[in-house]
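Colleague: Take the sequence shown: its position 51, counted from the start at 1, is 68 in our numbering, and no numbers get skipped.
Cβ coordinates follow ideal geometry from the N, Cα and C atoms, glycine included.
No experiment lies behind these values; they were computed from the predicted model shown.
Next up is a structure, given as structure tokens.
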Amino acid sequence: MSDDNYQFIARAPRHAAIPEHRLLISFQHAPNDRCSAPETAVAGELVNLSRSGIQCRSPKALNSGDRIVFEFMDPESELQVRQDAVVRWHHCENDQSWLAGCQFSKELSWEVLGEFFLSDVLSSDVIAPPT
């Protein structure tokens, strides 16, 4: 028996958002050749975060493959981060909000992730991947 075909895919640990966090999240579609006018940013809700991506809730539908620019802002610490991402999956929730999983084009730095922990935005508990 060979171990070559186990098809294990490593993924960065995800951390749940602490419900009382102050982090403000907004996003808009990334500018491209088809859209010259800037889009109005939409407020989102952080569900979980890893260095490689984000799961967020939004009042606006996102489509797989959409290029998104996220902006994270913590008013207390004045931390402000912009991050490009691509929507990998999405679905409509029972409350008519949209849940989306997005992969960052560049991993978050350890410093930014650490600031999110220090600002009580993220739980230090790692979310177990689905089995």
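1) Quick one: give me the first and last residue of the alpha helix (DSSP H) that Gly-131 is part of.
2) Contact check, His-46 vs Glu-56 under 8 Å by CB: the rounded distance?
3) From Arg-31 to Phe-121, what distance separates their C-alpha atoms?
4) For Glu-62 and chain D, any beta-carbon pair shorter than 8 Å?
5) Alpha carbon to alpha carbon, how far is Trp-127 from Gln-97?
6) Just tell me which of Ser-67, Lys-77, Val-104 has its CA closest to the CA of Asp-112.
7) So, are the CB atoms of Ala-33 and Ser-136 less than 8 Å apart?
8) For Arg-105 and Val-86, I'd like the C-alpha separation in whole angstroms.
9) Please report the distance separating the alpha-carbon of Ile-42 from that of Glu-132.
Modeller: Put simply:
1) 127-135
2) 5 Å
3) 13 Å
4) Absence of chain D from the displayed structure is noted, only one protein chain being present.
5) Cα to Cα, the separation comes out at about 15 Å.
6) Lys-77
7) Contact check for Ala-33 against Ser-136 fails: the beta carbons are separated by 8 Å or more.
8) 14 Å
9) 15 Å
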